[in-house]
Each structure stands twice: as C-alpha cells, then as structure tokens.
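Worksheet: one structure, shown below.
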Amino acid sequence: MNFNTKLLHGKAVKPYADDATIPQISQVSAFQYETAEEQERVFQHKAVGFAYTRVGNPTVAAFEQRINELEGGNAAIACSSGMSAITLGLLNMLCAGDEIIASSSLYGGTLDLFEDLIKFGITTRFVEHMTIEEIEPLINEKTKLIFSEVIGNPGLAVLDIRTIADYAHSKGIPLMVDSTTATPYLVNPIRLGANFVVHSSSKYINGGGNSISGVLIDAAKFKWDFEKFRALDGYKKYGPLAYTIRLRTDIWENMGSCLSPFNAFMNIVGMETLGIRMERICSNADTIAHALNEIDGLAVNYPSLDNNPYRELAEQQFDGKGFGGILTFRAGSKEKAFKVLNALKFVTRASNIGDIRTLAIHPASTLFIRSNEQAKKAAGVYEDTIRISAGIEDAGDLIDDLKQAIRASREI
Amino acid sequence: MMQEDAVMKITVAGDRKEVKDGITVAELIAQEKVETPEYVSVSVNEEFIQKEDFETRKLEAGDEVEFLYFMGGGC
C-alpha cells in the first residue's frame with residue numbers, strides 16, 4: 001500500500017463507533033468500568049482500556065497508531081507539543097551527568113531547551129556538521145545520545161541518517177531525529193536506522209495550523225546497556241521495549257504533557273491529506289527557490305539548488321520526492337528584511353511552519369531571539385535571513401508577491 | 413485414522429489452558445483473539461518476547477504467558 005492510500009486505509013485506520021469514517025472526539029477526562037476487577041486489569045496493562053485522558057484516550061490513541069504506522073515504528077506517544085515530545089524523549093533516557101551530541105543546525109526552541117537542560121546536569125555538545133569526523137572527537141563515556149533534525153530548521157542541513165545511525169550504534173549510542181520538516185512523506189528515519197523520531201505534529205502533520213501537538217515514535221530496536229543508561233534502571237526485563245514502556249508508564253504519564261483529544265482529532269483530519277499537501281508544498285518551495293535564485297544578491301538556500309552541498313544526499317534519501325517546504329534568502333540587512341516582510345501582500349508573517357498558507361519570518365529577531373550570535377550563525381540564521389515556509393497557493397502568485405516585496409525593500 | 417495434535421497445558425493471562433503442543437506466540441495471539449494484536453506485548457515466564465520473534469518462539473508446557481498493553485495507547 002502506498003503512502004496516500006495508507007493514510008486513508010492503513011491498518012491503523014480502524015472501524016470506528018457507529019461506522020464513522022473518522023474517530024470520534026473523546027472529549028472526556030475519565031472512563032467508567034462495570035467492575036473493579038476489569039478496572040484493575042486495565043491499570044495492570046493486562047487489558048486494553050482507557051482510564052484517564054492524561055494517560056490515554058481513544059482519539060489520541062487513534063492518532064498515535066496512525067503516525068506510528070506511517071513511520072514504521074513500534075509505538076508512538078503523543079504529547080502536548082513538539083517541544084514536550086523532545087523534552088520527555090530526552091528525560092526518559094538521560095540522567096544528570098549525561099551528554100548529548102547534537103547538530104547546531106536546529107530550531108531555536110530546541111537550542112533553548114538544550115540550554116535549559118544544563119541546570120539539570122545534561123550537557124549538549126554541538127557539531128557544525130553532522131559528520132563522523134566532527135562527532136568522533138566529542139564522544140566520551142558520558143555520551144548517551146546523538147540528536148539532529150532531518151532537515152535543519154532553518155539552516156537546511158540534511159542529515160545522512162543511515163551513516164550517522166550506523167556510526168552511533170557502533171559506539172553503543174542511539175540516534176534521535178526531529179523529522180518535523182521532512183515528515184513521513186519524504187522519509188522514514190526508522191527504516192534508515194534512527195532509534196527515535198520526534199515530530200512537532202503542529203506543523204505539516206496537522207497541516208492547518210490549528211492545533212499544537214507533538215509525537216515521539218520509538219523503533220524499539222536499540223539494545224540498551226542498562227549499566228550505561230542508568231535512566232532506564234528498573235526496566236531491564238523489557239529489553240528493547242524498555243524505552244517506550246518507561247516513557248508511557250512513568251516519565252510521560254507523570255509529567256503530564258498529554259495531548260488534547262480535540263487536537264488529536266484535528267491531526268487525524270489533517271494528516272489524511274499529508275501526501276498531497278507535501279507534494280504541492282515541496283513543488284512550490286522548489287519553484288520559489290529557483291525563481292528567487294535568479295535575483296542577484298539574495299543568497300537563496302534550498303537543497304535542490306545546483307550549488308547546494310546537500311542536494312545529492314537529499315535526492316537519494318528522500319527518493320526524489322522533494323526537498324522539503326522551507327527555504328531561506330538573505331535580504332541584505334535586517335532593515336531590508338523587515339521591509340520585505342512588511343511589503344508582503346498575502347504571504348503571511350507568522351512563526352510556524354508546515355501550514356497550508358505560505359509563511360515568512362525573520363528568524364534572528366523571533367525564533368532565535370534567545371540564541372547568541374555564534375549559535376544563530378551555526379543554525380544558518382543571519383541578521384538579514386528570511387525564512388519561507390511554502391504553502392499550497394499557486395506558485396506564480398507566491399513568486400509575484402515575494403518579488404514585489406523584494407523590489408520594495410531595495411527602493412531607495 | 414487421523415492423529416490428533418498433541419496438546420500441552422500453559423497459563424495464559426492467569427488462566428490454565430490446553431493448547432497445541434509447540435504453539436508459537438503468534439499462533440496463541442491469533443487463537444486468543446487478542447485485542448490490538450499489532451500492539452500487544454508478550455511476556456513468557458516474565459521474559460519479554462520481541463515482536464519479530466512472535467512467529468518463531470514456541471511455547472513449552474507450563475509456560476506462563478501474559479499479554480500486556482503498553483504500545484497502542486490506553487492506560
């Protein structure tokens with residue numbers, strides 16, 4: 001079954017109550033039982049059932065199962081946001097004293113989180129390029145995880161998932177990737193060896209920019225050294241299932257970052273068109289990037305452009321399906337960048353990505369406002385960078401709008 | 413004359429049951445009509461069996477099998 005068919009008819013798409021074609025919204029806090037014995041069995045995990053929406057909900061489970069099937073994982077756990085998915089995913093396997101090696105080409109919020117984790121005794125060491133050459137010198141006995149985005153936001157570095165996964169495993173370390181910007185449409189990182197995939201499903205998966213959510217998918221293939229990964233102490237008997245079981249029954253459950261049933265419903269509705277939206281979005285991003293690349297002095301960045309160092313990797317890794325929906329260009333100065341943004345007529349000035357609307361933002365003064373200059377530069381963010389998240393409008397209209405805004409910024 | 417399959421006794425979710433001798437974990441899951449079989453976790457004598465081994469892992473007389481639900485959402 002291919003991608004678009006699987007979205008609508010995969011194993012995770014079940015018959016729903018009253019033969020409804022999409023799940024009902026279980027907008028409820030708790031679930032009742034006929035007997036105390038039955039309720040006990042559910043709490044013991046010996047029976048399928050729901051007890052309390054913070055720890056499980058039918059609509060949320062429907063979303064989790066769909067995304068898990070798309071990613072080819074063992075289990076998915078939905079969270080209130082992408083940031084909570086990353087936070088809980090990390091806290092589930094790290095203790096004070098542990099270290100992460102991460103790409104510096106990350107979303108500003110993730111960089112801020114890594115900064116916050118320092119006070120919890122978790123140190124992140126950054127590499128400018130996710131290559132074995134740059135990672136190797138940073139590995140020590142404290143290193144417990146390698147973390148990267150599949151397509152850096154907004155630096156657009158593309159991760160060679162297979163190479164880095166294999167290398168990480170050779171060192172007894174798992175690989176976690178944030179695949180928000182790639183989505184299951186372009187690639188399934190688990191099939192290339194990634195151990196954990198996180199998404200801000202607020203973005204392309206939801207598609208409509210209407211609900212905040214996140215999700216983590218565990219491949220359950222990592223052979224945990226329980227002496228090394230002290231955070232999973234007590235879960236040894238579960239073997240490779242230890243990570244998911246600890247996350248679901250301990251960290252995620254206790255820290256309470258559950259997903260709203262309504263948001264899960266909106267994700268289910270949105271993800272049913274993920275394939276066709278990504279086709280259009282990737283096509284638009286590519287067309288816009290090439291059109292703007294004809295204009296002198298914009299320094300357009302997009303993986304499909306001829307001079308892009310990641311073009312060949314992206315072409316191969318994403319099976320020719322596209323290069324993602326994000327591109328950047330440089331306006332010449334912060335002042336000119338603001339003029340471009342202010343002159344846009346319908347490209348929308350907003351801070352998310354992955355919407356059906358085309359969005360534009362000045363990352364340096366917004367998403368990366370708490371990052372220092374070195375971190376910004378490492379993430380591909382300059383004072384004059386504008387990030388575009390391509391939507392589904394007609395490409396010609398988008399190009400016209402962007403060109404007139406760029407002309408306006410250059411008028412003396 | 414047809415030979416009947418040999419049987420053995422195991423415990424499944426706390427209940428003593430007679431099953432085909434050498435039944436695999438996958439066969440037991442199907443036989444027991446386990447809910448959400450794609451998400452069930454299986455322990456045999458408190459050892460968790462990996463999903464990729466369901467088809468090949470054969471049960472033995474006296475085994476204690478638990479079906480546990482962590483993966484598919486829910487409690």
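Order-wise, the sequence lines are chains A and B.
According to this note's numbering, the first sequence holds residues 1 to 412 in order.
According to this note's numbering, the second sequence holds residues 413 to 487 in order.
Note that beta-carbon positions come from the ideal geometry of N, C-alpha and C, so glycine has one too.
Remember, it's a predicted structure, so these values are computed and weren't measured experimentally.
Helix or strand or just coil, what does DSSP make of residue i?
i	result
A:T348	strand
A:T143	strand
A:L367	coil
A:S148	strand
A:E136	helix
A:D178	strand
A:I413	Given a span of 1 to 412 for chain A in the structure shown, any question on residue 413 of chain A remains unanswerable.
B:K470	strand
B:F460	strand
A:V158	strand
A:D19	helix
A:A12	coil
A:K339	helix
A:N153	coil
A:K223	coil
A:D116	helix
A:P309	coil
Would you say residue i reaches chain A, if we count a Cβ-Cβ gap shorter than 8 Å as a contact?
i	result
B:L471	no
B:F479	yes
B:A438	no
B:F482	yes
B:F460	yes
B:K421	no
B:E476	no
Check whether the Cβ of residue i lies closer than 8 Å to any Cβ atom in chain B.
i	result
A:T35	no
A:A47	yes
A:L241	yes
A:Y235	no
A:Y238	yes
A:K11	yes
A:A289	no
Going by DSSP, which residues form a beta bridge with residue i?
i	result
B:Y481	B:V452
A:I217	A:A76 and A:V197
A:A242	Paired residues: none, contrary to the question.
A:N301	A:T328
B:D427	B:V424
A:R54	Per DSSP, none; premise fails for A:R54.
B:K432	B:V419
A:T385	A:R330
A:L359	A:T348 and A:S389
A:I100	A:T124 and A:L145
A:A30	A:Y52
B:E476	B:T423
For a test of your reading of the model: does the CB of residue i fall under 7 Å from any non-hydrogen atom of the ligand MN? Yes or no.
i	result
A:L259	Ligands are entirely absent from the displayed structure, and the ligand MN is therefore not among its contents.
### Message
So, does the region 160-178 of chain A touch the region 289-302 of chain A, judging by three or more C-beta pairs under 8 Å?
### Response
no
### Task
Please list the residues of the region 244-273 of chain A that have a C-beta atom closer than 7 Å to any C-beta atom in chain B, keeping them in chain order.
Residues of the region 244-273 of chain A that bring their beta carbon within less than 7 Å of a beta carbon in chain B comprise T244, I245, R248 and T249, in sequence order.
### Task
Would you list, in chain order, the members of the region 425-449 of chain B that have their beta-carbon closer than 7 Å to a beta-carbon of chain A?
A425, E447 and T448
### Query
Listed in chain order, which residues of the region 65-79 of chain A have Cβ atoms closer than 9 Å to some Cβ of chain B?
Q65, N68, E69, N74, A75, A76, I77 and A78
### Message
Any contact between the region 462-475 of chain B and the region 436-450 of chain B? By contact I mean 3 or more CB pairs, one from each, below 8 Å.
### Response
yes
### Task
Flag this pair as touching only if the region 337-355 of chain A and the region 306-316 of chain A have three or more C-beta atom pairs under 8 Å; answer yes or no.
no
### Task
Could you tell me whether the region 211-227 of chain A touches the region 7-27 of chain A, where touching means 3 or more Cβ pairs closer than 8 Å?
no
### Query
Would you call the region 222-241 of chain A and the region 26-40 of chain A in contact, with 3 or more CB pairs under 8 Å?
no
### Query
Using 8 Å as the threshold, is the region 63-82 of chain A in touch with the region 33-41 of chain A, meaning 3 or more CB pairs across them?
No, they do not touch.
### Query
Are the region 239-253 of chain A and the region 278-285 of chain A touching, with three or more C-beta to C-beta distances below 8 Å?
no
### Query
With a cut-off of 8 Å, do at least 3 Cβ pairs link the region 105-114 of chain A to the region 229-248 of chain A?
no
### Query
Between the region 53-61 of chain A and the region 172-182 of chain A, are three or more C-beta pairs nearer than 8 Å?
At 8 Å Cβ cutoff, the stretches do not touch.
### Task
Report yes or no: do the region 115-131 of chain A and the region 92-100 of chain A share at least 3 C-beta pairs separated by less than 8 Å?
yes
### Query
Is the region 344-356 of chain A close to the region 282-291 of chain A, with three or more CB pairs under 8 Å?
no
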